[in-house]
Amino acid sequence: MIKKEIKATKTFQIEIVETISNIVEVVAENEQEALLRAQEMYRNEEVILDSEDYIDTKFNIFEWE
């Protein structure tokens, strides 16, 4: 009789994280106002990040139980 080796399998979750980045210039009276203006520009799609702004990709692995 031939014994078949049974390998236990596990399920993993793989998180793929892409980092994109761009620096925009904002004229403001202080840092708080500059941040708010930049956020508004982003929300209003005046600043759009795309593949040209790509920085890095990371893979994080999680064992699923």
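Taking my numbering, I'd label the letters of the sequence shown as residues 133 to 197. Glycine included, each C-beta is placed from N, C-alpha and C at the ideal position.
Beta-carbon proximity check, residue i vs residue j, cutoff 8 Å
i: GLU150; j: TYR186; result: yes
i: ALA170; j: VAL158; result: yes
i: LYS139; j: GLU195; result: no
i: ASN162; j: VAL179; result: no
is_contact[residue i, chain D] using C-beta, thresh 8 Å
i: LYS135; result: The displayed structure is made up of one protein chain only, and chain D is not part of it.
Own chain residues within Cβ distance below 7 Å of residue i, not counting five before or after
i: ASP188; result: THR151
Contacting residues, own chain, Cβ-Cβ under 8 Å from residue i (five flanking each side not counted)
i: VAL156; result: ALA170, MET173, VAL179
Proximal residues to residue i (C-beta, below 6 Å), its chain only, five neighbours per side dropped
i: LYS190; result: VAL149
Is the number of C-beta pairs between the region 138-147 and the region 161-175 that are closer than 8 Å three or more?
-> no
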